[in-house]
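Student:
Numbering (UniProt numbering), first residue to last: 1 to 285.
Here you go:
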């Protein structure tokens, strides 16, 4: 079974998680929900494996600028309808606001990171949505959740576009991007605080640092690059909270868990717990 056929099967016969409360679903998401990554891998173990190219493009649409059904209509009535794809509600659909949709599109060839992000940006532009770019740039080997049917998301019908369709032509979409890269720059959230102080602010360094930490807690998806990566942001925020709460470890853990879960594809709870224990050894107050 090829990668796209596997994704189609998972979408047509989803994992069942019905009649669970929102809190129970949050636990299910971290402990039992299925996750995948499709592509080429170097290495054989978790420690040394690395995804070098992807065969399925995943696009997460979580914003409030369009409903699930509106994005669904854009797929079925627009240019993308000719390509082999699936779209389905995420496990947060019906719980959190926004479209909460994940789209998976078959690629004509495996796409390494530099090619993948170009195709990703053109697709999100065609759909006219502010999708989550972190999943395409932050960690290329990041897993994507497959369709989980819940009582909360049952009203959002999935899309399976697999008959008489073709894989999305990677090289053609790269050409489209290269012709006008600025057109496909990601949309920025209008509610996000300004990232940089102007020179006229004349604020001390500690004030700028505090502003960055608070901004990261409010909107981590927009600020993790200021830290050099998602993990670096979490440990940076954690150390800052730990210091400014006089070593309150439980509160620090709660903040890190909140910030991590604000992302559309957070670090799994068990893995985050291990990282937290390692990070905490280096913090002081």
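Ideal Cβ placement from N, Cα and C applies to all residues, glycine included.
#1: Under a Cβ-count criterion, where at least 16 other Cβ atoms within 10 Å of its own Cβ denotes burial, should residue 155 be classed as buried or exposed?
#2: Looking at the structure shown, is residue 163 part of a helix, part of a strand, or coil, going by DSSP?
#3: Mapping the DSSP letters down to three states, classify residue 128 as helix, strand or coil.
#4: With three or more C-beta pairs closer than 8 Å as the rule, is the segment 96-111 touching the segment 227-239?
#5: Quick one: what's got a C-beta closer than 8 Å to residue 278's C-beta in the same chain, skipping five residues either side?
#6: May I ask you to report which of helix, strand or coil DSSP gives residue 195?
#7: Report yes if the CB atom of residue 99 is closer than 8 Å to the CB atom of residue 221, and no otherwise.
#8: So, at 8 Å on beta carbons, what are the nonlocal neighbours of residue 243 in its own chain, with the 5 sequence-adjacent residues on each side left out?
#9: Reducing DSSP to helix, strand and coil, say where residue 70 ends up.
#10: If you run the structure through DSSP and keep just helix, strand and coil, what is residue 89?
#11: Are there 16 or more other CB atoms within 10 angstroms of the CB of residue 200, so buried, or fewer, so exposed?
#12: Identify whether residue 16 lies in helix, strand or coil by the three-state DSSP scheme.
#13: So, are the CB atoms of residue 71 and residue 126 less than 8 Å apart?
#14: Mind the definition here: the segment 166-173 touches the segment 82-93 only if three or more C-beta pairs lie below 8 Å; say whether that holds.
#15: Taking all protein chains shown into account, decide if residue 27 is buried (16 or more other Cβ within 10 angstroms of its Cβ) or exposed.
#16: Hey, quick one: how far does the beta strand (DSSP E) through residue 53 stretch, first residue to last?
#17: Does the segment 15-23 come close enough to the segment 257-268 to have 3 or more Cβ pairs within less than 8 Å?
#18: Judging by CA-CA distance, which residue of 280, 16, 121 and 120 is the nearest neighbour of residue 150?
#19: If the criterion is Cβ atoms closer than 8 Å, does the pair residue 37 and residue 51 meet it?
#20: Nearest by alpha-carbon distance to residue 137: which of 123, 129 and 113 is it?
#21: In angstroms, rounded to a whole number, what distance separates the CA positions of residue 80 and residue 56?
#22: Can the beta-carbon of residue 119 be found less than 8 Å from the beta-carbon of residue 173?
#23: Taking only runs of the alpha helix (DSSP H) that begin and end inside the segment 170-257, which ones reach a length of at least 4 residues, in chain order?
Tutor: In short, the structure shows the following:
#1: On the chain shown, residue 155 is found 155 positions in, with the first residue counted as 1. So residue 155 ends up on the exposed side.
#2: Here residue 163 refers to the residue found at position 163 of the chain shown. Residue state for residue 163 is assigned as coil, using DSSP reduced to three classes.
#3: The residue you call residue 128 lines up with position 128 of the chain shown. Three-state result, residue 128: coil.
#4: In short, these stretches do not touch, since the Cβ pair count stays below three.
#5: Numbered from 1 along the chain shown, position 278 holds the residue referred to as residue 278. Closer than 8 Å at the Cβ level, and outside the excluded window around residue 278, lies no residue.
#6: Along the chain shown, read from residue 1 onward, the residue named residue 195 stands at position 195. Unreliable positioning characterises residue 195 in this predicted model, as indicated by a pLDDT of 48, which lies under 50. The coordinate reading is nonetheless provided below. Looking at residue 195 - three-state DSSP - the assignment turns out to be coil, as it is neither helix nor strand.
#7: Residue mapping note: residue 99 aligns to position 99 of the chain shown, counting from 1. Residue mapping note: residue 221 aligns to position 221 of the chain shown, counting from 1. Result no, Cβ atoms of residue 99 and residue 221 do not sit closer than 8 Å.
#8: Within the chain shown, numbered from 1, the residue matching residue 243 stands at position 243. These residues qualify, in order along the chain: 283, 284 and 285.
#9: The count along the chain shown starts at 1 and reaches residue 70 at position 70. Residue 70 sits in a helix when the DSSP states are folded into three classes.
#10: Position 89 of the chain shown, counted from the start, is the residue given in the question as residue 89. In the three-state scheme derived from DSSP, where H, G and I count as helix and E and B as strand, residue 89 is classed as strand.
#11: Position 200 of the chain shown holds residue 200. Because residue 200 carries a pLDDT of 44, less than 50, the predicted location of this residue cannot be relied on, and the following value inherits that uncertainty. The C-beta of residue 200 has fewer than 16 other C-beta atoms within 10 Å across all chains shown, which makes the residue exposed.
#12: Position 16 of the chain shown, counted from the start, is the residue given in the question as residue 16. In the structure shown, residue 16 falls within a strand segment according to DSSP collapsed to helix, strand and coil.
#13: The sequence position of residue 71 within the chain shown is 71, counting from 1. The sequence position of residue 126 within the chain shown is 126, counting from 1. For the 8 Å CB-CB criterion, residue 71 and residue 126 do not form a contact.
#14: With three or more CB-CB distances shorter than 8 Å, the segment 166-173 counts as touching the segment 82-93.
#15: Sequence index remark: in the chain shown, residue 27 carries index 27 (1-based). The residue in question, residue 27, is exposed, as its Cβ has fewer than 16 Cβ neighbours within 10 Å.
#16: Sequence index remark: in the chain shown, residue 53 carries index 53 (1-based). Where residue 53 is concerned, the enclosing beta strand (DSSP E) starts and stops at 50-61.
#17: The segment 15-23 makes no contact with the segment 257-268; the number of CB pairs closer than 8 Å stays below 3.
#18: Residue mapping note: residue 150 aligns to position 150 of the chain shown, counting from 1. For residue 150, the nearest C-alpha among the options comes from 16.
#19: Counting from one through the chain shown, the residue named residue 37 turns up at place 37. Counting from one through the chain shown, the residue named residue 51 turns up at place 51. Cβ atoms of residue 37 and residue 51: closer than 8 Å.
#20: On the chain shown, position 137 is the one that residue 137 refers to. The option with the nearest alpha carbon to residue 137 is 113.
#21: The residue labelled residue 80 in the question sits at position 80 within the chain shown. The residue labelled residue 56 in the question sits at position 56 within the chain shown. Roughly 14 Å between the two C-alpha positions.
#22: The residue you call residue 119 lines up with position 119 of the chain shown. The residue you call residue 173 lines up with position 173 of the chain shown. Result yes, Cβ atoms of residue 119 and residue 173 sit closer than 8 Å.
#23: Counting whole runs of 4 or more residues, the segment 170-257 contains the alpha helix (DSSP H) stretches 170-179, 205-218, 220-223 and 230-244.
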